[in-house]
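Comments concern the structure below.
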Amino acid sequence: MAETHRYRLGVTLFLIAAFASFLLSIGLWFSDYRDEGVFVGLWVPSILAAGAFWTTAVVRRA
Numbered sequence: 433m434a435e436t437h438r439y440r441l442g443v444t445l446f447l448i449a450a451f452a453s454f455l456l457s458i459g460l461w462f463s464d465y466r467d468e469g470v471f472v473g474l475w476v477p478s479i480l481a482a483g484a485f486w487t488t489a490v491v492r493r494a
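433 is the number of the first residue of the sequence shown in my numbering; add one for each residue after it.
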């Protein structure tokens, strides 16, 4: 039960972080900070990849 809760919490946090990064990137882009928007936009796949790695580690540990 605790592992399932930890798994869901982790997935949720990584998705929220990726979505927040995406929104920040869009906000920067349309505020004429295009280079910064592109830089922050590059965080999204990195966050999702880290989440996939973390998810795999939690599943293998259980």
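The beta-carbon is built from N, C-alpha and C at its ideal position, and this holds for glycine as well.
Measuring straight from C-alpha to C-alpha, what distance separates arginine 466 and isoleucine 458? Looking at the two C-alpha atoms, the distance is approximately 9 Å.
Could you tell me the boundaries of the alpha helix (DSSP H) in which serine 453 lies? Annotation for serine 453: the continuous alpha helix (DSSP H) segment containing it runs 434-462.
I'd like to know whether the C-beta atoms of leucine 455 and glycine 483 end up nearer to each other than 9 Å. Glycine 483 sits away from leucine 455, with the two beta carbons spaced by 9 Å or more.
Quick one: what's got a C-beta closer than 7 Å to tryptophan 475's C-beta in the same chain, skipping five residues either side? Around tryptophan 475: Ser453.
Mind checking which residues open and close the alpha helix (DSSP H) that includes leucine 480? Per DSSP, leucine 480 is one residue of the alpha helix (DSSP H) stretching across 475-493.
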